[in-house]
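Residue numbers (the working numbering): 8 to 279. C-beta: ideal position from N, C-alpha, C; glycine also.
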């Protein structure tokens, strides 16, 4: 799971300005306002954002929106009646014909323990119910030797009251083959130390041919599986992969979603 050792400081320090006359001071203020406006506008990358506000690379508590309800926390099934403080990973709902599909990191679905998913989880409450994981789909390379380039997976949820989870909270689209950094994405997840989700918007960068990275602070343990959602409400990454998602809180990783992810999605989407 995403680890938190070696955390770096990202605190900014204010620097005094040297003023030479009222006209220059006014010009400097106007330039600063223009830069700030561009930064904030860049963060608003379309309707797929999940509630983060402010400039790129800033993490904040996720707003309650229809989109943020699609992201939730994973728990052991034995904690279904005692949710507070017991979540261990993040997952999100993606569209499928059976309307019951989650995407997360493969290392979140390892083992034989029964699991449940709570969309929109906050403060020990399950506003949209507790959903049982019925079936898991992991890449062969992950199952065989935990290849970090295969660290993403799907889970199918059992229906509740004749409905799939997508019928209740909606879903983002799962997309493969997207160009890394083509657009800013919003990452939303549940740190183990918090009972509310956090979000951060930034532009991903290539780490290697098979891994991508994003610089967002405060994404500690528990945020593995957090979706990277672009302005088109498309999931183009999930926290996982290199260093199980990252060895510091400030930089997170995802596998590049390519042919293996597309084939796995196809298999998971037709689950009866």
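Need the endpoints of the beta strand (DSSP E) that residue i sits in, please.
i: residue 162; result: 160 to 164
i: residue 125; result: 122 to 126
i: residue 99; result: 96 to 101
i: residue 295; result: This structure leaves residue 295 out entirely; the chain is present only between 8 and 279.
i: residue 209; result: 205 to 209
i: residue 192; result: 192 to 196
i: residue 116; result: Element bounds for residue 116: n/a, residue is neither H nor E.
i: residue 350; result: In the structure as shown, the chain starts at 8 and stops at 279, and residue 350 therefore has no counterpart that could be examined.
i: residue 90; result: Per DSSP, residue 90 belongs to no beta strand (DSSP E) and is neither H nor E.
i: residue 220; result: 218 to 222
i: residue 80; result: 78 to 83
Thinking residue i and residue j are a contact (beta carbons under 8 Å), I'd like their distance in whole angstroms, please.
i: residue 139; j: residue 123; result: 6 Å
i: residue 248; j: residue 212; result: Wrong, their Cβ atoms sit about 14 Å apart, outside the cutoff.
i: residue 224; j: residue 66; result: 5 Å
i: residue 121; j: residue 98; result: Their Cβ separation, rounded to whole angstroms, is 15 Å, which puts residue 121 and residue 98 out of contact at 8 Å.
Only counting the same chain, and skipping five residues up and downstream in sequence, which positions put a Cβ closer than 8 Å to that of residue i?
i: residue 183; result: 264, 265, 266, 268, 269 and 272
i: residue 154; result: 146 and 148
i: residue 160; result: 110, 111, 112, 113, 115, 116, 143, 144, 145, 146, 149 and 271
i: residue 177; result: 73, 74, 76, 77 and 100
i: residue 174; result: 106
i: residue 185; result: 237, 241, 243 and 264
i: residue 87; result: 123 and 137
i: residue 276; result: 103, 104, 105 and 108
Tell me where the alpha helix (DSSP H) around residue i begins and ends.
i: residue 267; result: 266 to 276
i: residue 151; result: 147 to 152
i: residue 174; result: 172 to 176
Take residue i and list the residues in its own chain whose beta-carbon comes closer than 7 Å to its own, dropping the five residues that flank it on each side.
i: residue 131; result: 90, 91 and 202
i: residue 141; result: 163, 164 and 165
i: residue 38; result: In this prediction, residue 38 scores a pLDDT of 34, lower than 50, which makes its location untrustworthy; the coordinate-derived value is nonetheless stated afterwards. Excluding residues within five positions, none has a Cβ falling inside 7 Å.
i: residue 274; result: 144
i: residue 278; result: 105, 142 and 163
Kindly list the residues whose CB is nearer than 6 Å to the CB of residue i, restricted to its own chain and excluding five residues on each side of it in sequence; keep chain order.
i: residue 180; result: 102 and 241
i: residue 129; result: 203
i: residue 237; result: 55, 190, 192 and 243
i: residue 187; result: 211, 213 and 219
i: residue 5; result: Residue 5 lies beyond the residue range present for the chain, which begins at 8 and ends at 279; the question has no answer from this structure.
i: residue 126; result: 76, 79, 135 and 176
i: residue 293; result: Within the shown structure, residues of the chain are numbered from 8 to 279, placing residue 293 beyond reach of any answer.
i: residue 156; result: 217 and 262
i: residue 93; result: 82 and 86
i: residue 250; result: none
* Identify every run of the beta strand (DSSP E) within the stretch 233 to 264, keeping only runs that are complete inside it and at least 3 residues long; order them along the chain. => 234 to 236, 241 to 245 and 258 to 262
* With contact counted as at least three CB pairs below 8 Å, one residue from each stretch, are the stretch 163 to 170 and the stretch 249 to 264 in contact? -> no
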